[in-house]
Each structure stands twice: as structure tokens, then as C-alpha cells.
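Visitor: Handing you a structure now.
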């Protein structure tokens, strides 16, 4: 199937690798044509790294051959069966782009946005063919992190969600369905819940940012890399999750109430955290740190796949 990537920045180029990995032809378009060239150069450098980590079943050259630039939006959309938009995280440009997409693309094509917070009813509500529209929200970068949240509006045909899920799973993604619209979807709301509490704990002087990060990466994240929080508590009491809730439910409620009633994190927390982080990683080294992150994530994904295969 031909897939169209609209917006060739960090997320768009990552989706291109995902779709090519699934065996699909990929066409990349961007209002700034130079972005497409940069995207293809980045992809050509990234695919060998994925191959070295054992994350590809085909050669980098094979995947790269499936990707081509489009000189116009109409060219990108011609005969495309799945359209993934990745432009700026602002409502009006997305609405304007999808109005053009609806006019130019095939009637049976699925239209999808990578927005991280804007609800589908806002992006697609004005379209005549909104029944085939949904949000496919990934974690960054999707060519490494497999999770993708599929969220439609009240108007989205359930069959479109099913088709999108099947498509994403065929590309190696782990698709979940957000059953009702909610700002931030599921992944971001969980992440923001942790960040809000982290900011309060650091801001109130209970812990340093460095030690808080240690608590996650050397503690909770070890379990959470292969188990969710519900699976975790199911194994943290002798008789499972009901036993866990009987033992710890009152504490969970009490702490939750204290969090809800707590003073908001201080306004200067961003500056304080930035000062600490820039002492650890200077501004001009952030790109190197992001590349290190991607390498570590590749290694972790490869390890998880090997363990899952071993587990049967």
C-alpha cells in the first residue's frame, strides 16, 4: 500500500521508517522541500543503526528504496491508502491541511494525525469525510518505541479504527485504542501525572532532580519496561490485584488526596531544572544525548524482543 507522510520533521521521518518496515511504499512531502531531503538523509544514516541493533528483517537499502519524495501535495496523496500528518502542533494549520487532503486523496484512504494533544473532533470535525479520520499518536521516536494510540472522534467509523490498528500492527507497532476523546490521550496523561508529582517533590525540597531520575530509571522503569502498573501490582501481593488493593488501597487513596490538595509546583521549576540539566549536558551536546538515548532504546527493544522470543 502507498502511504503518504505529510510533514517530514522528526516524527514524519520516523513514521516513514515504520511504514517502510511494514513493506509499504512511502512518499514524503513537506511545505519546505529541503526538509524532505534532510529526512531522507537522516533515514539513510538511521537504518544501518537499526540493522546493527537487530531491529530490521530486511536490509536498510531495501527499506530506503521504498521511500520517495513528492514535489507536491497532490503527488503525495495520489493513490495513497494511509495518510499520516506530522506538521506543527497547532490547530489551524492542521485543519487547513486536512481540508486540502480531503479534496485531493482517494475516498477510501484513512486520514491520520500525529498530534500529541489536540482532540480529533477539533482537527477533523469540519470535514465531510470525517468518518475515516483519527489520531495516531506515537511516542517519540516511533521507529524505535512501538506504542501508538489510536483515537477517533464520535464520528469515526469503528471499522476505520480496526483497519488502522491492523495496519499499525503490520508495521511492528503496538496499537492501543483510546475509547473516548480526552486531552493528552493516555500516554501523555500518564507521563504528565508523573511529571506534576516530580515537579512538586523537587520544588518542595523533598528530593533532587538527579535522585528523582534515579528513582525512575533504576527502580520503577525497570519493571515498567516490560510490565504495566496494573500487571505490576498484580504480582506485588500474594493473591493478586484484589489482595493488593485490600492491603494498599487506603494508602493509595490517602496519597492521591494529598497530591490533589498539594501546592502547585513553583513557577521557576523550569529554570531550576534547566540549570541542573545544562550543567550535566550542555546545550551544544543535546543532539549527542538524544542519539545516545536512541541507541539505548534500540538495545532495550532488541533485548525485549529476544526475551519475548525466549519466553515463547
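Residue numbers (the numbering used here): 1 to 312. Don't be surprised by glycine CBs; every beta carbon is placed ideally from N, CA and C. For clarity, every value in this text was computed on a predicted model and none was experimentally measured.
Have a look at 113, 271 and 108 and flag the residue whose alpha-carbon is nearest the alpha-carbon of residue 93.
Guide: Taking the first residue of the chain shown as 1, we reach residue 93 at position 93. Ranking the options by Cα distance to residue 93, first place goes to 113.
Visitor: Does the beta-carbon of residue 158 have 16 or more other beta-carbons within 10 angstroms, so that it is buried, or is it exposed?
Guide: Taking the first residue of the chain shown as position 1, residue 158 is located at position 158. By the 10 Å Cβ count, residue 158 comes out exposed.
Visitor: In whole angstroms, what is the alpha-carbon distance linking residue 90 and residue 78?
Guide: Stepping through the chain shown from its first residue, residue 90 is reached at position 90. Stepping through the chain shown from its first residue, residue 78 is reached at position 78. So the two alpha carbons sit approximately 25 Å from each other.
Visitor: Could one say the Cβ of residue 16 lies closer than 8 Å to chain B's Cβ atoms, at least one of them?
Guide: The question asks about chain B, but that chain is absent: this structure has only one protein chain.
Visitor: Measure the alpha-carbon distance for residue 3 versus residue 274 and round it to whole angstroms.
Guide: In the chain shown, the residue the question calls residue 3 occupies position 3. In the chain shown, the residue the question calls residue 274 occupies position 274. Rounded to whole angstroms, residue 3 to residue 274 spans 39 Å at the Cα level.
Visitor: Leaving aside the five residues before and after residue 95 along the sequence, list all residues of the same chain whose C-beta is less than 7 Å from its C-beta, in chain order.
Guide: For the purposes of this step, residue 95 is taken as the residue at position 95 of the chain shown. Hits under 7 Å: 123 and 126.
Visitor: Could you give the distance in angstroms between the alpha-carbon of residue 253 and the alpha-carbon of residue 228?
Guide: The residue given as residue 253 occupies position 253 in the chain shown. The residue given as residue 228 occupies position 228 in the chain shown. In a straight line, the C-alpha of residue 253 is about 20 Å away from that of residue 228.
Visitor: Check whether the stretch 69-86 and the stretch 96-116 are in contact - that is, three or more C-beta pairs closer than 8 Å.
Guide: yes
Visitor: Touching or not, the stretch 238-251 and the stretch 181-196, by the rule of three or more beta carbon pairs under 8 Å?
Guide: no
Visitor: How is residue 113 classed by DSSP in three states: helix, strand or coil?
Guide: Looking up residue 113 in the chain shown gives position 113. Residue 113 falls in the strand class under three-state DSSP.
Visitor: With DSSP as the reference, please indicate the residues paired to residue 268 in a beta bridge.
Guide: Position 268 of the chain shown, counted from the first residue, corresponds to residue 268. DSSP output for residue 268 lists no bridge partner at all.
Visitor: Can you say whether residue 316 is buried or exposed, counting buried as having 16 or more other CB atoms within 10 angstroms of its CB?
Guide: This structure cannot settle anything about residue 316, because the visible part of the chain is limited to 1 through 312.
Visitor: According to DSSP, residue 136 sits in a beta bridge with which residue or residues?
Guide: Numbered from 1 along the chain shown, position 136 holds the residue referred to as residue 136. Paired residues: 150.
Visitor: Span of the alpha helix (DSSP H) holding residue 162?
Guide: Position 162 of the chain shown, counted from the start, is the residue given in the question as residue 162. Here the alpha helix (DSSP H) through residue 162 covers 158-170.
Visitor: Could you please give me the residues that DSSP links to residue 85 through a beta bridge?
Guide: Looking up residue 85 in the chain shown gives position 85. In the DSSP output, where bridge partners are listed per residue, residue 85 has 6 and 113.
Visitor: DSSP state of residue 174, grouped into three classes?
Guide: The count along the chain shown starts at 1 and reaches residue 174 at position 174. Note: residue 174 maps to strand in three-state DSSP.
Visitor: So for residue 245, helix, strand or coil by DSSP?
Guide: Here the question's residue 245 lines up with position 245 in the chain shown. In the structure shown, residue 245 sits in a helix (DSSP, three-state: H, G or I).
Visitor: Where does the unbroken alpha helix (DSSP H) through residue 294 begin, and where does it stop?
Guide: Translated into the one-based positions of the chain shown, residue 294 becomes position 294. From DSSP, the alpha helix (DSSP H) with residue 294 extends over 286-311.
Visitor: In whole angstroms, what is the alpha-carbon distance linking residue 240 and residue 271?
Guide: Your numbering for residue 240 matches position 240 in the chain shown. Your numbering for residue 271 matches position 271 in the chain shown. Going from the Cα of residue 240 to the Cα of residue 271 covers about 43 Å.
Visitor: For residue 32, which three-state DSSP category applies?
Guide: Taking the first residue of the chain shown as 1, we reach residue 32 at position 32. It is coil, neither helix nor strand.
Visitor: Between the C-alpha atoms of residue 217 and residue 211, what's the straight-line distance to the nearest angstrom?
Guide: In the chain shown, residue 217 corresponds to position 217, counting from 1. In the chain shown, residue 211 corresponds to position 211, counting from 1. When rounded, the distance between both Cα atoms is 10 Å.
Visitor: To which residues does DSSP link residue 27 through a beta bridge?
Guide: As a first step, residue 27 must be located in the chain shown, where it is residue number 27. Per DSSP, the beta-bridge partners of residue 27 are 4 and 68.
Visitor: Given a threshold of 16 other Cβ atoms within 10 Å of its Cβ, counted over all protein chains shown, does residue 15 qualify as buried or as exposed?
Guide: Reading the chain shown from its first residue, position 15 is the one you call residue 15. By the neighbour-count rule (16 or more Cβ atoms within 10 Å), residue 15 is buried.
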